[in-house]
Every structure is written in structure tokens, then in C-alpha cells.
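*Asks:* Using my numbering, you'd call the opening residue of the sequence shown number 4 and step up by one each time.
Here it is, the structure, as C-alpha cells.
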Amino acid sequence: MGKIYTRTGDKGKTSLFGGKRVPKSDLRVEILGTIDELNSMIGVAIAEVQSYSLKLKVELIKIQNDLLDVGSALASPQGEALQGLKKRIKEFEELIDLMTAQMPKLSNFILPGGGKAGVMLHLARAVCRRAERKIVELNNKEKIDNNVIIYFNRLSDLLFTMARFANFKEKKKEIIWRKHA
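As C-alpha cells, this is what we get:
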């Protein structure tokens with residue numbers, strides 16, 4: 004890798020894989036930026052996860068790698084088949100079930116909160132939902148691998164569960180939403 008700056012984007016355009024130049028406001032570029040933001044949020048969450056769960060940290064790092072793979076595939080105008088997404092979706096469901104079985108049953112909506120790891124995972128979930136909405140928007144314009152949509156939907160469920168799990172392990176009380184209307 005050469006210099007970090009190339010000056011090729013100084014006029015508001017960037018290149019997708021294959022060399023196609025697009026405005027930095029292009030939907031694909033926005034999706035890639037949102038996925039990058041999500042990846043960074045997960046990095047912050049990893050830094051906050053205490054020693055109670057090496058498995059949680061390892062899984063979050065795997066997700067960071069997944070996100071680079073998905074971003075790489077979405078950066079190609081032709082799209083790219085993503086092998087292994089179905090397997091990852093199944094793994095997410097198994098992890099959700101495993102963590103949920105260890106926690107008190109959720110019977111109310113909760114507010115994002117708790118310890119730092121929990122809050123960061125809730126924030127990552129919100130960014131994941133935004134990425135998912137943008138991916139659906141792209142899919143409405145040009146078909147992409149449906150497993151990408153499912154992956155982000157399940158990932159947001161997993162991040163929500165991980166946030167709850169982190170708070171549970173750190174003995175941070177969940178804040179129940181109280182409707183005031």
C-alpha cells in the first residue's frame with residue numbers, strides 16, 4: 004500500500020471495484036460508509052467488553068471481517084456472490100438463542116443503556132439498522148444477494164442480544180421503556 008492519500012477523490016468522486024467512478028454521494032458509497040461506521044462502532048464495543056466473554060470478543064472480530072467481505076462485494080457494480088453468509092446467519096441465530104437462554108426473559112421494550120459495552124453494542128445495532136435500510140434501498144434499484152439483507156437483519160438482532168448480554172454479565176440493570184402518552 005502506498006500513500007494514504009491519492010488525490011483522486013478531491014473532486015467528489017471515488018472508484019468502485021472495477022474502476023467505475025461514481026459521486027461520493029452515490030448510494031453504494033453511502034452504504035460502504037455506513038458499514039465502515041458500523042465496523043468502527045464494533046471496534047469500540049470490543050474495547051469495552053470485559054474479560055467475562057472472550058467468545059463475545061472473538062465473535063465481534065469475526066463480524067468485523069464479515070463486514071469487510073460484504074463491503075467488498077457491494078463495492079462491485081456487478082455484485083459478488085458471498086459464500087458463507089447463510090452459514091453466518093445460522094451461527095448468529097444459534098448465538099442469539101444461546102445468550103438469550105442465559106438471561107432473564109424480555110417482556111418489555113428496553114431503552115439503550117447499561118454499561119459502556121452494552122451502550123456501544125446498542126449504538127452498533129442502530130448503525131446496523133441504517134445500513135440495512137440503505138441496502139434494501141439499493142436492492143429496490145438493482146438486485147443484490149438477498150442473503151446480504153438477511154445478514155444485516157440478523158446482525159442487528161445479534162447486536163441487540165449482545166448488548167443485553169454484556170449488561171447482564173456486568174450486572175447493569177436494563178432500563179424499561181415507560182410510555183408517557
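Even for Gly, the Cβ is constructed at its ideal location relative to N, Cα and C.
#1: Could you check the C-alpha separation between D148 and A48 for me, to the nearest Å?
#2: Considering only C-alpha positions, which residue in the set L30, G5, E177 and L41 is nearest to S110?
#3: Using the three-state DSSP reduction, which class does I71 fall into: helix, strand or coil?
#4: So the candidates are E97, E135, A120 and I45; which of them puts its Cα closest to the Cα of I34?
#5: With 16 as the cutoff for other CB atoms within 10 Å, does K172 come out buried or exposed?
#6: Taking Cβ positions, are L70 and I38 nearer each other than 7 Å?
#7: Along the chain, where does the alpha helix (DSSP H) that runs through H183 open and close?
#8: If you reduce the DSSP assignment to three classes, tell me which class K16 lands in.
#9: Could you give the distance in angstroms between the alpha-carbon of L41 and the alpha-carbon of H183?
#10: Would you decide whether L57 is buried or exposed? Buried here means 16 or more other CB atoms lie within 10 Å of its CB.
#11: Measuring only the C-alpha atoms, how far is K200 from K6?
#12: If I66 and L124 are in contact, beta carbons under 8 Å, what's the gap, nearest whole angstrom?
#13: Can you list, in chain order, the residues of its chain with a C-beta nearer than 6 Å to that of W180? Leave out the 5 residues immediately preceding and following it.
#14: Helix, strand or coil, according to DSSP, for L63 in the structure here?
*Replies:* Reading off the structure:
#1: Taking the straight line joining both Cα atoms gives about 28 Å.
#2: Nearest to S110 by alpha-carbon distance, out of L30, G5, E177 and L41, is E177.
#3: One point to set straight first is that residue 71 is Leu, not Ile, in the sequence displayed. Looking at L71 - three-state DSSP - the assignment turns out to be helix.
#4: Ranking E97, E135, A120 and I45 by Cα distance to I34 puts E135 first.
#5: The residue is buried, with at least 16 neighbouring Cβ atoms inside 10 Å.
#6: Between L70 and I38, the C-beta gap is smaller than 7 Å, which places the two residues in contact.
#7: Element bounds for H183: n/a, residue is neither H nor E.
#8: If DSSP states are grouped into helix, strand and coil, K16 belongs with the strands.
#9: Between the C-alpha atoms of L41 and H183 there is a straight-line separation of about 32 Å.
#10: Counting every other CB atom within 10 Å of its CB across the protein chains shown gives L57 a total below 16, marking it as exposed.
#11: A question about residue 200 goes unanswered here, because the residues of the chain that appear run from 4 up to 184.
#12: Incorrect: roughly 11 Å between the Cβ atoms, too far for contact.
#13: Excluding sequence positions up to five before and after W180, its CB lies within less than 6 Å of the CB of F112 and L114, all in the same chain and listed in chain order.
#14: It is helical.
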